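Enquirer: Supplied in structure tokens, the structure appears directly below.
There are 2 protein chains.
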Amino acid sequence: MTQTRIVLAARPDGAPRPEDFAVTSGPIPEPAAGQLLLRTLYLSLDPYLRGRMGSSASHSSGTQPVTLGAVMEGGTVGEVVVSRDPRFVPGDVVAAATGWQQFAVAPAAAVRRLNPADAPVSTALGVRGMPGLTGYAAIREIGRPRPGETVVVAAATGTVGSLAGQMARLEGSRVVGIAGGERKVRWLRAAGFDVALDHRDPDFESNLADATPDGIDVYVESVGGRVRQAVWPRLNRHARVPVCGVASAYSAAATGLDTDADGLMSGLVTRSITLRGFVFSDFEYLRPTFEREVADWLRAGDVVHHEDVVDGLVNAPSAFLGMLAGEHLGKRLVRVAPEPQSEDQASIA
Amino acid sequence: MTQTRIVLAARPDGAPRPEDFAVTSGPIPEPAAGQLLLRTLYLSLDPYLRGRMGSSASHSSGTQPVTLGAVMEGGTVGEVVVSRDPRFVPGDVVAAATGWQQFAVAPAAAVRRLNPADAPVSTALGVRGMPGLTGYAAIREIGRPRPGETVVVAAATGTVGSLAGQMARLEGSRVVGIAGGERKVRWLRAAGFDVALDHRDPDFESNLADATPDGIDVYVESVGGRVRQAVWPRLNRHARVPVCGVASAYSAAATGLDTDADGLMSGLVTRSITLRGFVFSDFEYLRPTFEREVADWLRAGDVVHHEDVVDGLVNAPSAFLGMLAGEHLGKRLVRVAPEPQSEDQASIA
């Protein structure tokens, strides 16, 4: 009894090529106590797998790449063929992550039972599975669009994007979906997106501007590249950008686009890093506490600070240039006029 | 009665030069009802002003640049010389934003009275002012370091960084301050930073690695460039990066560093955009609600989805490459084996 397995044959340099994979045959393993032999029903193909193939293009995801010669990773839905765990019987269908092979042994504790009566079991890899939860969280926990806001969804026909876009529409937002090609655009229109745009259209950038007259409040990002470049200048203040992937960074092809920014954003995803720009005025509500605490710290000597005072307004340019060059220490100020010595003196003068 | 004013003479292309400013003289204005004539005491110089000088290097901050020929902007502390508002008398000292000039008229409603008994009035432009609140919010609202975590602060001798770093230390974090030059490094050590590093040191990157054996949990960012590049790979999962500026992006000099990423991050700041990478497993706690709601939406037809099923494991590579090329629609799956027709049939087979 042998089975077919697909292994990683080479690490791609840029876009993966067919010869990076090899089809091999191997034995069907025997489950030990507590394990199941699964027949793979569905294997999920997701963009993140490009990263798992390794090479310099993988942007150090923090996860180990697939070993050369090993079976490719991947989420799966499998049928229990042999059960050595009392909780499962042959015929049960489970969600697993047994990769690119026909049969695999998995610990019973590592799989999740599916109820085919609930929905087609394949949805456990899609809208009811990892990408579905991704799109759901992008809207509920990060994007949080409000009625009347404009939500733009990249890769909007994918599982993540299509769920996110539709959720936003249900919550009363205006939703613009972006996809590549006329077929996908038609699908988006049928799915109820308010506007559907083709990023392959030479006029894509101006079409996006026309479609978002009030700017963009939420951008569900998963692609980077040309789409992100078009979206970026239209993001409103306090926009929320749930980033769950940057597909253009998975393969570091020379695109002429700002791939370094894509790499940076990829790093946010793989380590769930929150990057939040801000200015002090966002935090005006902190001012009373802030003033009290800083005053206490200064008084107690818990906090020290340093002022770098330059005298004379005419010296402001050179002081400013020097500051840009980093010659100052602490807070650089220009003393333009002497302080009044006291209120009495000042009112006399 | 004339006064000295400094105006923007030219928009810099890259690093500003002295000739981008001009010293002029002008009249001392007369306050109208509700206005104050202020004598400038202190003018604040802050990196954001580079952006206000305009030109292509300013990364579209959303604010208008200073008009050519107009007085340069800037935060100020001023003394009331003439008051045409009942709330102020000559000699009062106020925080204002009257720019690079010796005298200016300001609406009384646009200034904030300072009490010189509280602290030196110049601190209203520093540790008790805008940059202080910036550093405070970076720690309290965004970074939120926990005891034992590692906090790295860029530009750590500046007002923002020195307050942020010291607050983190007070809260029990290990704090690494970064600055340029031996003098600043010594200041950081005296201020109680656990480690102080010089980013001009040829060994800066390895010094940072030595100083952060457990990685970095909070990075208070204001500089970009070489410092960010060294910090980035050491950020831990769930790291928080309050970004309040990207100084290396203010002047788009050719540095050989990834300035495009700096430009991207600058955009986050100027519009208070939250950029938060995530993966679905961050949101496992949502799963019960998620499953219930998606099931309801699918049943009601409120949400539709599309599966793109390719048959046969051996077709997985071409299906994957096709997916990376975008040929699929919706969720691409490989059907590796047929689903069991029912539990009875499956257990018979």
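Chains E and L, in that order, give the protein sequences. Quick note: the first sequence, position 50, residue 50 per the UniProt record's numbering, numbers continuous. Quick note: the second sequence, position 347, residue 347 per the UniProt record's numbering, numbers continuous. Each residue gets a CB set at the ideal place from its N, CA and C atoms; glycine is no exception. All values derive from a computational prediction rather than experimental measurement.
Going along the chain, which residues of its own chain have a beta-carbon closer than 8 Å to the beta-carbon of E/Ser58, five neighbours each way excluded?
Expert: Note that E/Ser58 scores a pLDDT of 41, beneath 50, so its modelled location is shaky; the value from the coordinates is reported in the next line. Result list for E/Ser58: Arg50, Gly51, Arg52, Pro65, Tyr250, in chain order.
Enquirer: With distance defined between alpha-carbon atoms, name the residue in L/Arg240, L/Pro120, L/Thr150, L/Thr76 nearest to E/Gly277.
Expert: Residue L/Arg240 is the option with its Cα nearest to E/Gly277.
Enquirer: Put E/Thr157 into one of helix, strand or coil per three-state DSSP.
Expert: Correct three-state label for E/Thr157: coil.
Enquirer: Using a C-beta cutoff of 7 Å, does L/Leu133 count as contacting chain E?
Expert: Yes, contact with chain E.
Enquirer: When the distance is taken between beta carbons, is L/Arg144 closer than 7 Å to L/Val71?
Expert: The answer is no: Cβ separation not under 7 Å.
Enquirer: Cα separation between E/Ala209 and E/Gly148?
Expert: Their backbone Cα atoms lie some 17 Å apart in a straight line.
Enquirer: Just checking: is the beta-carbon of E/Leu188 within a distance shorter than 7 Å of some beta-carbon in chain L?
Expert: Not an interface residue.
Enquirer: Fully enclosed by the region 163–216 of chain L, which beta strand (DSSP E) runs are 3 residues long or longer?
Expert: Here the runs fully enclosed are 174–179, 195–198.
Enquirer: Can you list, in chain order, the stretches of the beta strand (DSSP E) that have 3 or more residues and sit fully within the region 18–43 of chain E?
Expert: Runs of the beta strand (DSSP E) inside the region 18–43 of chain E: 21–27.
Enquirer: What three-state label does DSSP hand L/Pro317 in the structure shown?
Expert: Residue state, collapsed to three classes: helix.
Enquirer: Under three-state DSSP, which class holds L/Gln229?
Expert: Of the three classes helix, strand and coil, the one that applies to L/Gln229 here is helix, per DSSP.
Enquirer: I'd like the ranges of any alpha helix (DSSP H) spanning at least 4 consecutive residues and lying wholly in the region 74–158 of chain E.
Expert: Entirely contained in the region 74–158 of chain E, the alpha helix (DSSP H) runs reaching 4 residues are, in chain order, 130–137.
Enquirer: Does L/Ser347 come out as helix, strand or coil in the three-state DSSP assignment?
Expert: The predicted position of L/Ser347 is uncertain, since its pLDDT is 42 and thus under 50; no value can be drawn from it.
Enquirer: Going by the DSSP bridge assignment, what does L/Val243 pair with across the sheet?
Expert: According to DSSP, which records beta bridges pairwise, L/Val243 is partnered with E/Gly277, L/Glu221.
Enquirer: Can you give me the C-alpha to C-alpha distance between L/Gln18 and L/Gly99, rounded to a whole angstrom?
Expert: The sequence as given places Pro at residue 18 of chain L; Gln does not occur at that position. Each residue's Cα considered, the two are about 18 Å apart.
Enquirer: What are the residues that DSSP puts in a beta bridge with L/Arg335?
Expert: In DSSP, L/Arg335 forms a bridge with E/Tyr42, L/Asp311.
Enquirer: Measuring CB to CB, does L/Phe88 end up less than 7 Å from L/Val80?
Expert: For L/Phe88 and L/Val80, yes; Cβs fall inside 7 Å.
Enquirer: Does any residue of chain E bring its CB to less than 7 Å from the CB of L/Phe88?
Expert: Not an interface residue.
Enquirer: L/Ile142 CB to nearest chain E CB: under 7 Å?
Expert: So, interface residue.
Enquirer: With the cut-off set at 7 Å, would you say L/Leu41 and E/Glu339 are in Cβ contact?
Expert: Contact: yes.
Enquirer: Under 7 Å, do L/Arg335 and E/Leu45 count as touching if we go by C-beta distance?
Expert: Contact: no.
Enquirer: So for E/Val7, helix, strand or coil by DSSP?
Expert: Three-state DSSP puts E/Val7 in a strand.
Enquirer: Alpha carbons only, please: which of E/Glu293, E/Ala316, E/Pro116 is nearest the one belonging to E/Val93?
Expert: Among E/Glu293, E/Ala316, E/Pro116, the Cα nearest to that of E/Val93 belongs to E/Pro116.
Enquirer: Please state the DSSP three-state secondary structure of E/Leu68.
Expert: E/Leu68 falls in the coil class under three-state DSSP.
Enquirer: Comparing C-alpha positions only, which one of E/Leu133, E/Val111, E/Gly126, E/Thr67 sits nearest to L/Pro288?
Expert: Ranking the options by Cα distance to L/Pro288, first place goes to E/Leu133.
Enquirer: Assuming contact is defined by CB atoms lying nearer than 7 Å, are L/Gly165 and L/Ala155 in contact in what I supplied?
Expert: It is not a contact, given that the beta carbons lie outside the stated cut-off.
Enquirer: Starting from the Cα of L/Lys184, find the closest Cα among E/Arg11, E/Glu307, E/Val7 and give me that residue.
Expert: Comparing Cα positions, the closest option is E/Glu307.
Enquirer: Would you call the CB atoms of E/Val304 and E/Trp297 closer than 7 Å?
Expert: The answer is no: Cβ separation not under 7 Å.
Enquirer: Does the region 28–39 of chain E come close enough to the region 104–116 of chain E that 3 or more CB-CB pairs lie under 8 Å?
Expert: At 8 Å Cβ cutoff, the stretches touch.
Enquirer: Is there a Cβ from chain E that is less than 7 Å from the Cβ of L/Glu219?
Expert: The question names Glu, but residue 219 of chain L is Tyr in the sequence shown. For L/Tyr219, the answer is no, since every Cβ of chain E falls outside 7 Å of its Cβ.
Enquirer: If you draw a straight line from the alpha carbon of E/Ala230 to that of E/Leu197, how long is it in whole angstroms?
Expert: Their backbone Cα atoms lie some 12 Å apart in a straight line.
Enquirer: E/Leu235 by DSSP, collapsed to three states: which one?
Expert: Note: E/Leu235 maps to strand in three-state DSSP.
Enquirer: Closer than 8 Å by C-beta to E/Ala137: which residues in its own chain qualify, once you throw out the five before and the five after it? Chain order, please.
Expert: Same-chain partners within the cutoff: Pro242.
Enquirer: Do we get a CB-CB distance below 7 Å when we pair E/Gln3 with the residues of chain L?
Expert: Chain L contact via Cβ: absent.
Enquirer: Can you give me the start and stop residues for the alpha helix (DSSP H) that L/Tyr285 sits inside?
Expert: No alpha helix (DSSP H) contains L/Tyr285, which DSSP labels as neither H nor E.
Enquirer: Starting from the C-beta of E/Met130, find all residues in its chain whose C-beta is less than 8 Å away, skip the five residues before and the five after it, and write them out in chain order.
Expert: Cβ within range, chain order: Ser44, Asp46, Gly75.
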